[in-house]
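>
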Amino acid sequence: MNNKGNNQKIISMDWPQERVEQFQEDLLYWYDDRKRDLPWRENQDPYRIWVSEIMLQQTQVVTVIPYFERFMTWFPTISDLAAAPEDQLLKAWEGLGYYSRVRNMQAAAKQLMTEFAGEMPTNITDISRLKGIGPYTAGAISSIAFDLPEPAIDGNVMRVYSRLFQVADDIAKASSRKVFDHLVRETISHNDPSSFNQGLMDLGATICKPTSPDCVSCPLQTHCLSFAQGTTAEFPVKSKKVKPKPVSYLAQIIRNDKDQFLIEQRPSQGLLANLWHFPLVEWAPAKGKTASMPLVLTHYADLLQDRVVWQKESLGEVTHIFSHLKWFVELTFGIVKEGEVLPIKENQKWVSLEELRDYPMPKIQEKMLLKLKNNL
Ligand code: SF4
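Numbered by our numbering, the letters in the sequence shown go through residues 2 to 377 in order.
#1: Have a look at Pro-361 and Leu-377 and give me their C-alpha separation to the nearest angstrom.
#2: According to DSSP, is Thr-232 part of a helix, a strand, or is it coil?
#3: Just how far apart, CA to CA, sit Ala-229 and Glu-187?
#4: Does Asp-193 come out as helix, strand or coil in the three-state DSSP assignment?
#5: Would you kindly work out how many angstroms separate the C-alpha atoms of Val-180 and Ile-172, rounded to a whole number?
#6: Who are the near neighbours of Ala-292 in its chain, counting only those whose CB is closer than 7 Å to its CB and skipping five residues on each side?
#7: Sorted by chain position, which residues of the same chain lie with C-beta nearer than 7 Å to Pro-295's C-beta, five sequence neighbours on each side aside?
#8: Just to confirm the assignment: which complete alpha helix (DSSP H) runs, minimum length 4, are found wholly within the region 102-143?
#9: My assumption, with CB atoms under 8 Å, is that Val-65 sits in contact with Leu-57. Please give the rounded CB distance.
#10: Tell me whether Ile-154, by its Cβ, gets closer than 6 Å to a heavy atom of the ligand GDP.
#11: Using only the alpha-carbon positions, how far apart do Val-238 and Ala-108 sit?
#12: Within a Cβ cutoff of 7 Å, which residues of the same chain sit near Gly-119, ignoring the five residues on either side of it in sequence?
#13: Starting from Gln-253, trace the beta strand (DSSP E) in both directions and tell me its first and last residue.
#14: Is the region 87-98 touching the region 119-132 in the sense that three or more CB pairs, one from each, lie closer than 8 Å?
#15: Would you tell me roughly how many angstroms separate the C-alpha atoms of Val-185 and Gln-266, rounded to the nearest one?
#16: Thinking just about the alpha-carbon of each residue, which of Asn-348, Leu-39, Asn-44 and Pro-47 is nearest to the one in Tyr-378?
#17: Please state whether DSSP places Gln-58 in a helix, a strand or coil.
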């Protein structure tokens, strides 16, 4: 069933109906016996399923669980989510990253309030029209909440199917999706698509893992071409991601005589929109060198030089990887000179370390804070 890259064609199943049914039964039986006990599986509430699926897009299940539970306490209904203040919304997402996900969810919740009386629509066409809901999430909500036989194709499902059928299409390419969509449509249970898709999710997460799949414990082993031919290590085919571009920043950590620190809010558009962190200045350090104070000072306005006493050595460096960028942040620390008042910008504030906890912060700020606390 090899389906080589450039000449992409849809693989057609040659299984008789009984084999398809056996495949479904094997997966459903295993899922019923082994399914993971997860808070969003308590019922088929589409709102809970939606929130969990959005959180799970870039984050591991164990990390998501406490976030999910808190989110449901803070915003128990679609209407609560639609009405949530942005600060609280960002706080609920703090540490999960990719904040556009939660912003889009709120936009979709507002859409649901105005167009669907606060209820999730029960057909995939309307679900797919909601902001931030792509084909995977639409398929997951439709199948898990409403028992519609719709595929929910993510990396896990592509991995499982690529091994089952030795699909050689590159799973990193968007165009390969339709190959997997077709295969899942040909195999999905129409009696219980909810358990079928969740079974695939659990199988991909716990058995058919990226490296060293546990084929001995796999309920689909007798259906698996890669297992039969000893080629599991060759699938899925996945091209390498482009390396994220490095960007260097100096963090200006400034303390005043009231033991407060200067923080600033990011613009309302773009990366980490509206989140708070210590002021950052982009700079270009010499390769392999850490921040030396004369160099640092040339990057600061004269104003700061005159009014802040800078510590001679930097506090060290923290890094953070976004999908397309890698930030290298060198931490510099200064104290406002006695009797001086530092003029601050509109988007800046003085806050104590205690108060800082109330502001929505990106992961990089948490890393800076930890470094600062270790050095204070
Ligand atoms: Fe994956 Fe192995 Fe199961 Fe095939 S037999 S689906 S490779 S775990």
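Backbone N, C-alpha and C define an ideal beta-carbon position, used for all residues, glycine too. Fair warning: this is a prediction, and the values are worked out from it, not measured in the lab.
According to the structure shown:
#1: Locating residue 361 in the sequence shown gives position 360, where the first residue counts as 1. Locating residue 377 in the sequence shown gives position 376, where the first residue counts as 1. Cα to Cα, Pro-361 sits roughly 23 Å from Leu-377.
#2: Counted from its first residue, the sequence shown places residue 232 at position 231. Coil, per DSSP.
#3: Position 228 of the sequence shown, counting from 1, holds the residue named residue 229. Position 186 of the sequence shown, counting from 1, holds the residue named residue 187. One C-alpha to the other measures close to 21 Å.
#4: Start at 1 with the first residue of the sequence shown, and residue 193 comes out as number 192. Of the three classes helix, strand and coil, the one that applies to Asp-193 here is coil, per DSSP.
#5: In the sequence shown, counting from the first residue as 1, residue 180 sits at position 179. In the sequence shown, counting from the first residue as 1, residue 172 sits at position 171. Roughly 10 Å separates the two Cα atoms.
#6: Residue 292 sits at position 291 when you count from the first residue of the sequence shown. In this predicted model, Ala-292 has a pLDDT of only 48, less than 50, meaning its place in the structure is not dependable; the value taken from the coordinates is given anyway. Only Leu-251, Pro-286, Ser-315, Glu-331 and Thr-333 meet the Cβ criterion.
#7: Within the sequence shown, the letter at position 294 stands for residue 295. For Pro-295, the predicted structure reports a pLDDT of 48, less than 50, and the residue's modelled location is therefore unreliable. The matter cannot be settled from this model.
#8: 125-129
#9: Counting from 1 along the sequence shown, the entry for residue 65 is found at position 64. Counting from 1 along the sequence shown, the entry for residue 57 is found at position 56. So it is a contact: roughly 6 Å between Cβ atoms.
#10: Questions concerning the ligand GDP fall outside what the structure shown contains, since the ligands it does hold are the ligand SF4.
#11: Translated into positions along the sequence shown, residue 238 becomes position 237. Translated into positions along the sequence shown, residue 108 becomes position 107. Rounded to whole angstroms, Val-238 to Ala-108 spans 36 Å at the Cα level.
#12: Translated into the one-based positions of the sequence shown, residue 119 becomes position 118. Answer for Gly-119: Ile-79, Ser-80 and Leu-113, listed in chain order.
#13: To locate residue 253, count along the sequence shown from 1; it is residue 252. Note, Gln-253: beta strand (DSSP E), 246-256.
#14: no
#15: For the purposes of this step, residue 185 is taken as residue 184 along the sequence shown, with counting starting at 1. For the purposes of this step, residue 266 is taken as residue 265 along the sequence shown, with counting starting at 1. So the two alpha carbons sit approximately 45 Å from each other.
#16: Residue 378 lies beyond the stretch modelled for the chain, which goes from 2 to 377, so this question has no answer here.
#17: Numbered from 1 along the sequence shown, position 57 holds the residue referred to as residue 58. Gln-58: coil per DSSP, three-state reduction.
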